[in-house]
Amino acid sequence: MLDFTPVRNKTLTYSDLCRDLTKADLHRLTDEMIDTMLAIIADAKDEDVDFVPLDPDANDTFGIPEEKDLAWTLGHVIVHATASSEESAALALTLARGLPVEGRSRYEVPWRTVHTVAQLHQRLEESRRMRHAMLDAWPDEPHLDTTYTPYPSVGPINAVARFVFGLSHDDSHLGQLREIMRQADAGQSAAQATH
207 MLDFTPVRNK TLTYSDLCRD LTKADLHRLT DEMIDTMLAI IADAKDEDVD FVPLDPDAND
267 TFGIPEEKDL AWTLGHVIVH ATASSEESAA LALTLARGLP VEGRSRYEVP WRTVHTVAQL
327 HQRLEESRRM RHAMLDAWPD EPHLDTTYTP YPSVGPINAV ARFVFGLSHD DSHLGQLREI
387 MRQADAGQSA AQATH
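If you use the numbering used here, the sequence shown corresponds to residues 207 to 401, in order.
So this is what it looks like as structure tokens:
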């Protein structure tokens, strides 16, 4: 897996991080990320999917106002992370084809509809398939000179960096997934101890 620490610390740009990555690397990195997420939730039970963790730092400035301070469940994190990476893959495909990025390309499964571990697995495997399909749709000679600037702090990025941007977003939620699983496990252990 890529180490995003230098990018987050602003000692390396996304373009520098991605300079030598190939499309084959992006396929491999996609599998590593999905496999990591699956490993984190490997011991999850259906009741863990709707478990609401303690999250005093919850602050979703992009969500609807009444859910701004809502702690995210496993289902919420998985559908959010996969939607963001799929958007990055779609925008990367646009750039690889030499076209300008215009607007967003995002759909997120409604998190309130996700209640089982099977749904988490299905969503992760579907996302893996979709990301691979979008990479497979790149031209044989992608237009890596086509760039755009999603945020001023990121600077101009090409198709490879845009794809990796999604993996970075996934990576930023791995600790959150681990913490939800830890709290869910601790809650189950405490409940069993009282019986």
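We put the beta carbon where it would ideally sit given N, CA and C, even for glycine.
Counting along the chain, the unbroken alpha helix (DSSP H) around residue 338 starts and ends at 323–342. Taking the Cα of residue 237 as reference, the smallest distance to any Cα among 306, 336, 211, 393 is reached at 336. DSSP lists 354 as the beta-bridge partner residues of residue 363.
Secondary structure of residue 260 (DSSP, three-state): coil. Apart from the 5 residues on each side of it in sequence, residue 367 sits with its Cβ closer than 7 Å to the Cβ of 220, 221, 224 in its chain, given in chain order. DSSP, read as helix, strand or coil, puts residue 273 in helix. Annotation for residue 239: the continuous alpha helix (DSSP H) segment containing it runs 229–246. Cβ neighbours of residue 275 within its own chain (closer than 7 Å, five residues either side excluded): 264, 265.
In this structure residue 388 is exposed. Its beta-carbon is surrounded by fewer than 16 other beta-carbon atoms within 10 angstroms. Judged by pairs of C-beta atoms under 8 Å, the region 285–295 does not touch the region 358–366, as fewer than three such pairs exist.
For residue 350, the CB contacts under 7 Å within the same chain, skipping 5 residues up- and downstream, are 364, 365, 366 in chain order.
Around the beta-carbon of residue 372, 16 or more other beta-carbon atoms lie within 10 Å, marking it buried.
Exclusion of the five residues before and after residue 317 leaves 281, 282, 285 as the residues of its chain whose Cβ lies within less than 6 Å of its Cβ. Around residue 357, the same chain offers no residue with a beta carbon nearer than 7 Å, after the five sequence neighbours per side are excluded.
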